[in-house]
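*Asks:*
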Amino acid sequence: MATIGFIGLGNMGGPMAINLAKAGHRVKAFDLYSEALVPVVEAGAVAAESAVDAAKEVDFLISMLPAGRHVEHLFVTGETPLFDVISEDTLIIDSSTIEAATAKRLSEIGTGRGLQFIDAPVSGGVGGAKAGTLAFMVGGSKEQYESAKPILECMGKNIFHAGDHGAGQIAKACNNMLLAILMTGTCEALNMGVKNGLDPAVLSEIMKQSSGSNWALQLYNPYPGVMEGVPSSNNYQGGFQVNLMFKDLGLAMDLSQQSSSPVPMGSQARALFSLHKAKGNGGLDFSSVLRLYQDENVDQ
Ligand code: NAD
Numbered sequence: 020m021a022t023i024g025f026i027g028l029g030n031m032g033g034p035m036a037i038n039l040a041k042a043g044h045r046v047k048a049f050d051l052y053s054e055a056l057v058p059v060v061e062a063g064a065v066a067a068e069s070a071v072d073a074a075k076e077v078d079f080l081i082s083m084l085p086a087g088r089h090v091e092h093l094f095v096t097g098e099t100p101l102f103d104v105i106s107e108d109t110l111i112i113d114s115s116t117i118e119a120a121t122a123k124r125l126s127e128i129g130t131g132r133g134l135q136f137i138d139a140p141v142s143g144g145v146g147g148a149k150a151g152t153l154a155f156m157v158g159g160s161k162e163q164y165e166s167a168k169p170i171l172e173c174m175g176k177n178i179f180h181a182g183d184h185g186a187g188q189i190a191k192a193c194n195n196m197l198l199a200i201l202m203t204g205t206c207e208a209l210n211m212g213v214k215n216g217l218d219p220a221v222l223s224e225i226m227k228q229s230s231g232s233n234w235a236l237q238l239y240n241p242y243p244g245v246m247e248g249v250p251s252s253n254n255y256q257g258g259f260q261v262n263l264m265f266k267d268l269g270l271a272m273d274l275s276q277q278s279s280s281p282v283p284m285g286s287q288a289r290a291l292f293s294l295h296k297a298k299g300n301g302g303l304d305f306s307s308v309l310r311l312y313q314d315e316n317v318d319q
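Numbering-wise, this note's numbering comes out as the position in the sequence shown, counting from 1, plus 19.
#1: Identify the continuous alpha helix (DSSP H) that holds K123 and give its terminal residues.
#2: Can you give me the Cβ contacts of M35 inside the same chain, cut-off strictly under 6 Å, excluding the 5 residues immediately before and after it?
#3: Is the closest heavy atom of the ligand NAD to the C-beta of N30 under 6 Å?
#4: What do you reckon, are the CB atoms on L80 and G144 nearer than 7 Å?
#5: Nearest to T130 by alpha carbon, out of V95, T152, A199, R310?
#6: What residue range is occupied by the uninterrupted beta strand (DSSP E) comprising M156?
#7: Runs of 4 residues minimum, wholly inside the region 279-317: which ones carry the alpha helix (DSSP H) assignment?
#8: S223 lies in the beta strand (DSSP E); which residues open and close that run?
#9: With a threshold of 8 Å, are at least 3 pairs of Cβ atoms found where one atom belongs to the region 118-136 and the other to the region 197-212?
#10: Compare the beta carbon distance of A382 and K298 with 7 Å and say whether it is the shorter of the two.
#11: Give me the Cβ distance between A48 and V65, rounded to the nearest whole Å; I'm assuming they're in contact under 8 Å.
#12: State the Cα-Cα distance for the pair E172 and E165, rounded to the nearest angstrom.
#13: Going along the chain, which residues of its own chain have a beta-carbon closer than 6 Å to the beta-carbon of M31, five neighbours each way excluded?
#14: Looking only at its own chain, which residues have a Cβ that is under 6 Å from the Cβ of K168, when we skip the five neighbours before and after it?
#15: Apart from the five residues just before and just after L56, which ones in its own chain have a Cβ nearer than 7 Å to its Cβ?
#16: Figure out for me which residue from M246, I170, S160 has the closest Cα to the Cα of A186.
#17: State the Cα-Cα distance for the pair D314 and G301, rounded to the nearest angstrom.
#18: My output table needs one value for H44: the three-state DSSP class, helix, strand or coil.
#19: Taking the continuous beta strand (DSSP E) assigned at G182, which residues delimit it?
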């Protein structure tokens with residue numbers, strides 16, 4: 020069994036660290052928000068006193084932070100950069116969703132100092148994190164992928180080697196742009212059906228069994244009351260914040276700009292999430308974008 024440092028115990032990192040502890044690994048967990056440690060420690064992890072404490076004398080160090088600036092600050096630009104204290108034997112696995120360019124740069128800075136840093140962002144949401152069924156998209160060498168795989172398998176079902184450093188983040192940006200398109204499209208269709216007198220549960224079931232079926236309809240229905248255990252049935256609390264989806268769409272737009280790839284659908288989805296966020300919904304789960312359509316409904 021391995022000793023694993025885990026930094027960032029939020030909606031995703033918390034259940035991921037719990038699964039590592041349940042698999043029998045020695046987990047040294049840390050979050051700036053001390054309450055986040057409680058369920059992780061209850062599951063058998065050790066509470067680290069600081070990020071530095073979590074990062075020392077571990078075989079693997081996993082970070083699960085909101086955005087690239089947090090990851091860069093933690094490892095390189097902060098007051099106590101972890102790159103100063105991490106051992107050359109530790110494999111650093113960043114599972115946060117960040118810019119591919121930042122992931123690549125951090126791996127290069129790390130390599131220059133004899134350290135190993137790979138990107139391994141995830142898909143599958145909080146449900147997947149809790150169930151241990153996440154998909155991991157790894158960017159790094161074949162050897163680094165092979166050594167990370169048994170650890171990632173404690174938290175996920177599908178562990179992909181996307182390519183070299185940064186490739187995991189490129190795959191993630193493509194996936195989340197598609198997810199945003201699918202979620203807004205699903206909300207658009209559900210709202211129109213309900214406006215025309217259909218029961219949202221009946222319409223959802225019809226589309227789920229028809230050619231419009233997609234991940235949102237199957238596992239993350241945005242309409243309140245249609246599906247149990249998803250954010251829409253919990254006042255859009257928990258889950259994947261609008262703020263984070265908006266960040267991910269920004270990452271996709273950057274990639275499209277850098278590579279001159281046309282993304283008209285992604286741009287439209289980004290505009291919808293931008294408007295939804297501007298209306299003060301940044302802290303809600305991203306499936307709450309349904310409300311944007313409901314707000315725009317006009318009585319006939
Ligand atoms: P979150 O905001 O719930 O959790 C982030 C945690 O990081 C918080 O607990 C915060 O206190 C902690 N943190 C921030 N800076 C820190 C630091 N310097 N040291 C220690 N702890 C620190 O976010 P989340 O939903 O868990 O998402 C994390 C990452 O995973 C994001 O990059 C997100 O885009 C990605 N992601 C989220 C989902 C989802 O469904 N929520 C799905 C896939 C990927």
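Don't be surprised by glycine CBs; every beta carbon is placed ideally from N, CA and C.
*Replies:* According to the data block:
#1: 119-131
#2: A148, M174
#3: yes
#4: no
#5: V95
#6: 153-158
#7: 283-295, 309-315
#8: Segment 219-227 is the alpha helix (DSSP H) holding S223; no beta strand (DSSP E) there.
#9: no
#10: Outside the shown range of the chain (20 to 319) lies residue 382, about which nothing can therefore be said.
#11: 7 Å
#12: 11 Å
#13: M83, A148
#14: I178
#15: L28, A48, D50, A66
#16: S160
#17: 16 Å
#18: coil
#19: 175-182
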